[in-house]
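Chains as they are written, first to last, in the working numbering: chain A, 1 to 485; chain B, 1001 to 1448.
Idealized CB from N, CA, C, for every residue including glycine.
Accompanying notes for the structure given below.
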């Protein structure tokens, strides 16, 4: 590997007249006054001109500046960075799937519809729900869809209500999704165990509250042990319970949200079901519902009629379409492949080993790093920089120093209720060796914090760039390349 | 088959280190009453070979791939150069996440920065974001953005805007006090400018139109933008066929304030509708109202250029319910594909690709128009799609064509009840003259 890669922007190596793609000669008679009367462009100003060799080297060099799951442990809490099976990549791109058009008649795309129906069925079983919609393109899109379903169901009962309750440990997407649905957010405080405070919940739960959005396990990696009681409190006042299933990796085969009072949830296929994160998507955020909410699901719904799969648009109570076509199909194929590969025992092992690995890390780092909540951890554990702060070292310094040890940093500064948080989620696919490498690195960093804090504050030392000036980036935004005048 | 990496010995030792007897004990905080006491009802685990057989067999049930198809309507069959698949399938691009740690994500961040630049160049606008989900939700985001900018509560949606995009906008706005009004089209298949003039008023936040529109007709972007601006509303141009931007004047130059839409055409497979690539560009004065991730250039401590995610105070993880959007994960890998695609085709290639699409569609429109019983429905100029009106009802024609192994187009009646016996026909560079002639011949036989 080349240590120093100075890769210019493609625009900076562009030279007039170069090209990396050739089309066949036009094989139809040329129309003379093509697009008569339409404003046409002379050229795409600034667009690059490079050879295929240059394109290949450009992206290969850029790729080498990325850390990735294929390289090592990626303990980014709440993101479930597990291994992405390679066969799933291949099968998701099978020509029969890749060319199939979303506007084709149902009878021509029975295979694609079967993929959707099968995954819906399996997700219902895993989550204990009555129906799933695979339309949502990502977790936040699933939340939005789920909250729309809740609103529709409550409107049908006569009152959409005003508020949504969200614990203070929730993902930022939760309040934002509730807001787009026209709801005002009321925060629910956590107790000293890091779970929802039942008394606080009872105090804010009124008949003006539409729903509670709960993440379980929550963002501290702690299971909401009172979840059944929580659901009772919400249901007793006519509200519904939404679960952010971002952390389903802790629960598969162990407990089903549908069995603990959850009315609606979303699952992230790019987390629990191993579809790659792609440097920031595409994901997929299917929404599962209990019977009462089925009539409101987005259209089209995949139905079955006479042994064939059909698209059902005749849903008078539907919230409507939430996106074009049917969902992030090739992501859905990957998730289906994953479930078929694992089978029932394997799906349960996801949770068993994710929780084992997280607790192994916790056990080994306890004492070295401060653990604000000592409640048992599920699939992730949240430490803080409280001990290291005494030496003038922050969670940011710890994270950047980990890069020098060749490991991706954990999620930082989230959840907000842990000051200086380091949120660690190893996932189930990691080897003991990789877990130990991480533990040893974290221990070494804890030592360095005491003995040589400067080495942390100036980290990373071995990356292609040192710490970047994020303040300047926001203050004087340069968001595109421009030709020097 | 499983993807675990712990041996039985590892497992035993790790459990012992934790002082528990079995993995079951790790779940002690889950109330026993709700725990699942049976195995999940899922099919038995499969080996890789069995899985390949299973999935390939399901794939073969798609009869679609054995047809000659002229479907478009927001999802376009374009040639994807091999380098796009090859480079975009590198694990270094596929398996990381959002570049929260810029020092180990410079690859992804520079790609996003280049993507933003390319989108600005294509659309003729100042700034672009790192991507949105797909065309329809991107359109909805643009509508919400226009409401924030203008604080007005009505949007006008051209009926020539993709019907599914209009549906999604309506789903998004119904709970937040925004009203959407459809604007009809004229005999040329373009927005009816008189009707637009009558509907535009001081409460209009934006005029939202698509060009080339759902009928394949190129709209008069300048005139629509001028009309919007006359009432201090925003001009929001939707592009569902991004390849058209290789040939058509950029909407930004023709007055559009926000250009958003679908980038699937740029190297992303049709793949039954997703994942696709929403993109968004706008004038720089709207920067703070833009949704989604944005990469920006900065320096490291040694003065070396680097890239970071920036302006995140607009976003949900900082601003929570007051964010510009709830979007978090977007379409990174699809944006990478589009970036490789655009840089591979380059300035000349994309222009020629667009030109060939328009040429082939023009030939096909003429050729089909010469078939007795086929009439070109609209008089407006088209890019790579056009609407034909047939002497027989479309369902019968469709079935007739399918009998000859051809999917001739998309029947418009379900989305446009007034367009009975009309179909949308798409011709990209993937169709040869012989294939177009085959469609004409088949239509002649079916209609006679």
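Shorter than 7 Å from the beta carbon of residue i to some beta carbon of chain A?
| i | result |
| --- | --- |
| residue 1304/B | yes |
| residue 1320/B | yes |
| residue 1388/B | no |
| residue 1496/B | Only positions 1001 to 1448 of chain B appear in this structure, which leaves residue 1496/B out of reach. |
| residue 1010/B | yes |
| residue 1059/B | yes |
| residue 1296/B | yes |
| residue 1410/B | yes |
| residue 1265/B | no |
| residue 1426/B | no |
Based on the DSSP secondary-structure assignment, which residues constitute the bridge partners of residue i?
| i | result |
| --- | --- |
| residue 40/A | 1248/B |
| residue 1069/B | 1407/B |
| residue 1386/B | 1425/B |
| residue 1297/B | 1307/B |
| residue 422/A | 383/A and 412/A |
| residue 308/A | 305/A |
Can you have a look at residue i and say buried or exposed, based on whether 16 or more other CB atoms are within 10 angstroms of its CB?
| i | result |
| --- | --- |
| residue 428/A | buried |
| residue 1086/B | exposed |
| residue 1434/B | exposed |
| residue 487/A | Lying before the first or after the last residue shown, residue 487/A is absent from chain A, which here runs from 1 to 485. |
| residue 353/A | buried |
| residue 23/A | exposed |
| residue 1399/B | exposed |
| residue 159/A | exposed |
| residue 2/A | Residue placement at residue 2/A cannot be trusted, given a pLDDT of 48 that sits under 50; what the coordinates show is reported in the next sentence. Residue 2/A should be labelled exposed. |
| residue 364/A | buried |
| residue 1407/B | buried |
| residue 1024/B | exposed |
| residue 1318/B | exposed |
| residue 111/A | buried |
| residue 476/A | exposed |
Please compile the residues from chain B whose C-beta is within a distance smaller than 8 Å of the C-beta of residue i.
| i | result |
| --- | --- |
| residue 98/A | 1269, 1270 and 1271 |
| residue 169/A | By Cβ distance, chain B contributes nothing, its closest Cβ being about 13 Å from residue 169/A, past 8 Å. |
| residue 20/A | 1081, 1083, 1343, 1344, 1345, 1346 and 1349 |
| residue 55/A | 1083, 1087, 1340, 1343 and 1344 |
Mind listing the chain B neighbours of residue i? Cutoff is C-beta to C-beta under 9 Å, in chain order.
| i | result |
| --- | --- |
| residue 339/A | 1042 and 1043 |
| residue 81/A | 1095, 1096 and 1097 |
Quick check: is the beta carbon of residue i nearer than 7 Å to any beta carbon in chain B?
| i | result |
| --- | --- |
| residue 154/A | no |
| residue 259/A | yes |
| residue 308/A | no |
| residue 460/A | yes |
| residue 468/A | yes |
| residue 112/A | yes |
| residue 263/A | no |
| residue 480/A | yes |
| residue 415/A | no |
| residue 1/A | In this prediction, residue 1/A has a pLDDT of 44, which is less than 50 and means its spatial position is unreliable; what the coordinates show is noted afterwards. No, because no Cβ of chain B sits closer than 7 Å to the Cβ of residue 1/A. |
| residue 249/A | no |
So which residues on chain B does residue i lean against when the C-beta distance must stay under 7 Å?
| i | result |
| --- | --- |
| residue 485/A | None at all; the shortest Cβ gap to chain B is about 15 Å. |
| residue 290/A | Here the premise fails: no neighbours, minimum Cβ distance about 15 Å. |
| residue 465/A | 1103, 1106, 1300, 1304 and 1306 |
| residue 162/A | Simply none; closest approach about 12 Å. |
| residue 59/A | 1087 and 1340 |
Report the neighbours of residue i on chain A: residues whose CB is nearer than 9 Å to its CB, in chain order.
| i | result |
| --- | --- |
| residue 1039/B | 253, 344, 345 and 348 |
| residue 1381/B | 34, 35, 36, 37 and 38 |
| residue 1260/B | Within 9 Å Cβ-Cβ: nothing; residue 1260/B doesn't reach chain A, min ~13 Å. |
For the ligand COA, I want to know if residue i counts as a neighbour, meaning its beta carbon is within less than 6 Å of at least one of the ligand's heavy atoms.
| i | result |
| --- | --- |
| residue 173/A | Absence of the ligand COA is noted for the structure shown, with no ligands found whatsoever. |
In chain A, what lies closer than 7 Å to residue i by C-beta?
| i | result |
| --- | --- |
| residue 1317/B | 172 |
Using a C-beta to C-beta distance shorter than 8 Å, which residues of chain A count as neighbours of residue i?
| i | result |
| --- | --- |
| residue 1135/B | 324 |
| task | Starting from the N-terminal side, write out each stretch of the beta strand (DSSP E) that is 3 residues or longer and does not extend beyond the stretch 175–224 of chain A. | result | 184–188 and 209–215
| task | Identify every run of the beta strand (DSSP E) within the stretch 1197–1239 of chain B, keeping only runs that are complete inside it and at least 3 residues long; order them along the chain. | result | 1204–1210 and 1234–1239
| task | Would you mind listing the alpha helix (DSSP H) stretches within the stretch 1054–1128 of chain B that are 4+ residues and don't spill past its ends, in chain order? | result | 1082–1088, 1091–1094 and 1106–1123
| Start-end ranges of the beta strand (DSSP E) lying completely within the stretch 317–341 of chain A, minimum 3 residues | none
| message | Report the start-end ranges of each alpha helix (DSSP H) in the stretch 138–172 of chain A that is 4 residues or longer and not cut off at the edges. | response | 139–157
| query | Which ranges does the alpha helix (DSSP H) cover as unbroken runs of at least 4 residues, wholly within the stretch 219–288 of chain A, from first to last along the chain? | reply | 227–236
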